[in-house]
Each structure stands twice: as C-alpha cells, then as structure tokens.
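Take the sequence shown: its position 96, counting from 1, is numbered 384 in my numbering, and each next residue is one higher.
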Amino acid sequence: MCRENKMKIKILMITWLLFICGGISMVFSYPADAGEDIVRMDTSAFDRLRRPAAVFDHDSHNEAAQIDDCAVCHHAWENGKLVPDESREDTPCSESHGLIVGVQNPMPLANAFHAQC
Ligand code: HEC
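Set out below in structure tokens:
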C-alpha cells in the first residue's frame with residue numbers, strides 16, 4: 289500500500305475517533321432532567337385536532353420571551369375581570385376556556401391557545 293493511502297486511512301481513523309469521543313461526551317454532558325420542562329399542550333378537550341398538539345420547552349420559551357410573570361398565561365378571570373396577583377398553574381386551560389364562543393365564554397380554548405403565542 290502506498291504512503292498516501294496509509295495517511296488517508298490514518299486521517300479517517302482519527303476523524304472517526306473524534307466523532308465517537310464527541311458523541312460519548314455529549315451523552316454524558318446531557319443533563320439528567322433535560323426534557324422535564326417540555327410541555328405538550330393539553331388538547332384532550334377537543335374531539336379532533338386539525339394539527340398535532342404544540343410541544344414547547346416551557347421554561348426556555350418563557351426565558352426567551354422574557355416573561356417572568358406566570359400569570360401572563362396562567363391568569364385567573366372572575367366575572368369578566370382579571371384577578372390581580374392570582375396565578376393558576378395547576379388548572380388546565382380547558383377548565384376556564386370552553387370550546388364554543390359565547391357571552392359566558394368570550395375566549396374559546398383554541399383562541400386562547402393561539403392568542404397567547
Ligand atoms: C407564555 C405563556 C406561559 C407562561 C408565561 C407560563 N406558562 Fe406555564 N404553561 C403554559 C402553557 C400553555 C401550559 C400548558 C397548559 C395546558 O396544556 O393546559 C403550561 C403548563 C404549565 C404547568 C403544567 C406542566 C405540565 O407538564 O403539564 C405548570 C406547572 C406551569 N405551566 C407552571 C408555570 C409557572 C410556575 C410559570 C411562571 C414561572 C409559568 N408556568 C409561566 C404557558 C405559560
């Protein structure tokens with residue numbers, strides 16, 4: 289085998305080694321809790337979906353959007369008025385927003401999902 293070919297094989301092997309080392313270090317540097325704050329929108333209230341449910345990285349999304357106040361999205365309304373200083377993180381959106389628009393439900397669920405984004 290000529291010298292040039294040996295050199296090519298060496299370079300190929302080194303490249304592979306770096307590739308594998310990179311892969312292994314990536315696996316170990318991946319935080320154990322990664323993915324924990326990925327939220328899949330709760331669309332169980334809908335009979336059928338026109339598109340798959342949105343999935344978003346909740347905390348990263350809010351950091352990027354610079355929204356510190358949870359109540360911007362997890363707000364509470366009573367008698368048509370926003371309740372100041374109240375936040376309802378544990379209540380699904382579908383509990384407050386019905387499917388069909390009406391006097392008692394001015395912001396239906398699909399609009400609530402879409403209007404906040
Ligand atoms: C930009 C809007 C937005 C902001 C700001 C926001 N959230 Fe959320 N959060 C959502 C949406 C949308 C969901 C999914 C709700 C659903 O599917 O019914 C959610 C879900 C959650 C859930 C349920 C998680 C799960 O896995 O189902 C918790 C708990 C939560 N948020 C806490 C918080 C807290 C605490 C803050 C403030 C530090 C916050 N959120 C700020 C939009 C937001």
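We treat Cβ as the ideally placed atom computed from N, Cα and C, and that holds for glycine. These numbers were taken from a predicted model, which means no experiment stands behind them.
Heavy atom of ligand 1 within 7 angstroms of residue i beta-carbon
i: P261; result: A query on residue 261 cannot be resolved here, the shown segment of the chain reaching from 289 to 405 and no further.
i: E351; result: no
i: V327; result: yes
i: H362; result: yes
i: H346; result: yes
i: I355; result: yes
From the options, residue whose alpha carbon lies closest to that of residue i
i: A333; options: L387, K294, A400, D356; result: L387
i: D347; options: V389, H402, V391, V327; result: V327
i: P340; options: K298, A398, E377; result: A398
i: E374; options: A352, H349, G368, A364; result: A364
Whole-number beta carbon distance between residue j and residue i, since they are thought to touch under 8 angstroms
i: P396; j: D330; result: The pair is not a contact, with the Cβ atoms about 15 angstroms apart (cut-off 8 angstroms).
i: C358; j: Q404; result: Not really, about 12 angstroms apart at Cβ, beyond 8 angstroms.
Subject >> In chain order, each beta strand (DSSP E) run of at least 3 residues that lies wholly inside the segment 332 to 360 >> reply: Listed in chain order, the complete beta strand (DSSP E) runs (minimum 3 residues) inside the segment 332 to 360 are 343 to 345.
Original post:
Enumerated in chain order, which unbroken segments of the alpha helix (DSSP H) with a length of 4 residues or greater are wholly contained in the segment 359 to 402?
Top reply: Segments of the alpha helix (DSSP H) lying fully in the segment 359 to 402: 381 to 384.
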